[in-house]
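Engineer:
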Amino acid sequence: MKKRYWSRATSWLAFSLLIGSSGNILAETGLSAAQWLTGMTKAFRELNYEGQFIYQHSQGLNSIAITHSVTDGQERERLVFLDGPKREVVRDGNKVVCINADNEVIRFERGDSPLAFGRILSENPNKLAEHYSLKVAGKGRVAGREAVVVLVQPKDEFRYGYEIWLDEASSLLLKLVLLNRKGEMLERLQFTSLEIGHEIPETKLVTSLKGSIKSEKVIVSKAFNKANGKPGDSENWYVNWVPPGFELFRRNQQHSPVTKKAVESLMYTDGLAGFSIFVEAKPTNAVSVIKREGAITAFTKVLSFEQGEFLITVVGELPLVAAERIAMSVKLQKGRAVSISQ
């Protein structure tokens, strides 16, 4: 990491002391780690809250303001980037509008917010225990609020670990740290200010950038129905291997991270982490590429099939060893891989 808020050694020493002096945390809180994560899921979906948080990653630091409101079960949310070019994300139910630095709008129908802030939620936290060790590890304070610390440690090499700090009163996420297998920080989300449970004015949920919009694109996402088709299949290609515990979450049209063209993608999640797979015809001069930014890995490989050369890209919150193996398992329907471009 190029930037650090404090020495890793110091932060881990402090955290070790916190755990060591915490005693029987389960007895103190009365809840298991899975129960705390269940509470987090409910808090994200049901509470009104407003605040500011920082997102620290390998490329630097972003400050973001968030406003979240729930009325008659319908969620509305607005995120505003407070530094750099003006950017906003506005969500109304399943509809998400992203306004980028070029004043272009990308509208997601039936999609989740492209920001990962609330996406670590699992509908069944107990299922996480099959692939992660869950532990209530200590207590602390974040943004002036009392917090409970839940450690989520992977049982294999195909996923990262998490340090999750939850508001003791509401179970809302206050801080999230993604860790590699060495215990080194990859990314951090942390509230610096937070208000919970108050009424949210309509004006705080509407973008302030409407007057500057230049163009608009629409992307339609389709939720996967397990009763229809084979998980992992698309009309043109399929995936032979994903890490244990990952299931197909959604098929949709997304912009390729390589060519920026709208292509079919498959999104997978294990209830905590997630990744997407893109397959497209190989553009001229395209090459195999590996990029890592914090917890995000992007692995692009040129594969040769009977139908020609294709570009396979895997992007998500997973180690390189997993991204590479997933990409190499992609096969085209009615054909097989015959060679690999170097």
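Quick note: the sequence shown uses this note's numbering, first residue 1, plus one each step.
Virtual Cβ for every residue (Gly too), placed ideally from N, Cα, C.
Since this is a predicted model, take the numbers as computed values, not measurements.
Quick check: the segment 52 to 69 against the segment 198 to 207, are at least 3 beta-carbon pairs closer than 8 Å?
Structural biologist: yes
Engineer: Can you look up Gly39 in the DSSP assignment and give me helix, strand or coil?
Structural biologist: Correct three-state label for Gly39: helix.
Engineer: Sort Ser265, Tyr238 and Leu37 by Cα distance to Asn252 and report the nearest one.
Structural biologist: Ser265
Engineer: Starting from the N-terminal side, write out each stretch of the beta strand (DSSP E) that is 3 residues or longer and does not extend beyond the segment 136 to 175.
Structural biologist: 145 to 154 and 161 to 167
Engineer: Could you tell me the alpha carbon to alpha carbon distance between Trp36 and Leu166, rounded to whole angstroms?
Structural biologist: 8 Å
Engineer: Grouping DSSP H, G and I as helix and E and B as strand, with all else coil, what is Phe275?
Structural biologist: strand
Engineer: Which residue marks the beginning of the alpha helix (DSSP H) containing Glu324, and which one marks its end?
Structural biologist: Leu320 to Met328
Engineer: Here's the rule I'm using: 16 or more other beta-carbon atoms within 10 Å means buried, otherwise exposed. How should Ile64 be labelled?
Structural biologist: buried
Engineer: Examine the Cβ distances between the segment 39 to 52 and the segment 269 to 276 and report whether three or more of them are shorter than 8 Å.
Structural biologist: no
Engineer: Would the beta-carbon of Val315 fall within 8 Å of that of Ile296?
Structural biologist: yes
Engineer: Give me whichever residues DSSP pairs with Leu31 in a beta bridge.
Structural biologist: Paired residues: none, contrary to the question.
Engineer: Contact criterion: CB-CB distance below 8 Å. Does Ile326 meet it with respect to chain D?
Structural biologist: Chain labels in this structure do not include chain D; a single protein chain is all it has.
Engineer: If Glu306 and Gln59 are in contact, beta carbons under 8 Å, what's the gap, nearest whole angstrom?
Structural biologist: No, Glu306 and Gln59 are not in contact; Cβ-Cβ is about 40 Å, not under 8 Å.
Engineer: Taking the alpha carbon of Lys155 as the point to measure from, which residue in Val177, Gln56, Leu128 and Arg145 has its own alpha carbon closest?
Structural biologist: When only C-alpha atoms are compared, the closest one is Leu128.
Engineer: Quick one: what's got a C-beta closer than 6 Å to Val263's C-beta in the same chain, skipping five residues either side?
Structural biologist: Contacts found: Ser256, Phe278 and Glu280.
Engineer: Output the boundary residues of the beta strand (DSSP E) element that contains Asn252.
Structural biologist: Glu247 to His255
Engineer: Quick check: the Cα distance between Arg78 and Ala286, rounded to an integer number of angstroms?
Structural biologist: 37 Å
Engineer: Once the 5 residues before and after Lys175 are set aside, which same chain residues still bring their CB inside 6 Å of it?
Structural biologist: Taking Lys175 as the centre and dropping the five residues before and after it, the same chain places the C-beta of Val142, Trp165 and Gln190 closer than 6 Å to its C-beta, in chain order.
Engineer: Please state if the CB of Glu163 and the CB of Asp179 are separated by a distance shorter than 8 Å.
Structural biologist: What sits at residue 179 in the sequence shown is Leu, not Asp. Contact: yes.
Engineer: Since Leu209 contacts Ile312 with CB under 8 Å, what's their CB separation in whole angstroms?
Structural biologist: Going by Cβ atoms, the distance from Leu209 to Ile312 rounds to 35 Å, so no, they are not a contact pair.
Engineer: What is the DSSP secondary structure of Thr71, counted as helix, strand or coil?
Structural biologist: strand
Engineer: By DSSP, does Arg181 sit in helix, in strand, or in coil?
Structural biologist: coil
Engineer: Can you name, in chain order, every residue of its own chain whose Cβ lies under 7 Å from the Cβ of Arg87, other than the five neighbours on each side?
Structural biologist: Exclusion of the five residues before and after Arg87 leaves Phe81, Ile99, Asn100 and Ala101 as the residues of its chain whose Cβ lies within less than 7 Å of its Cβ.
Engineer: Buried or exposed: which applies to Ala147, given that a residue is buried once 16 or more other Cβ atoms fall within 10 Å of its Cβ?
Structural biologist: buried
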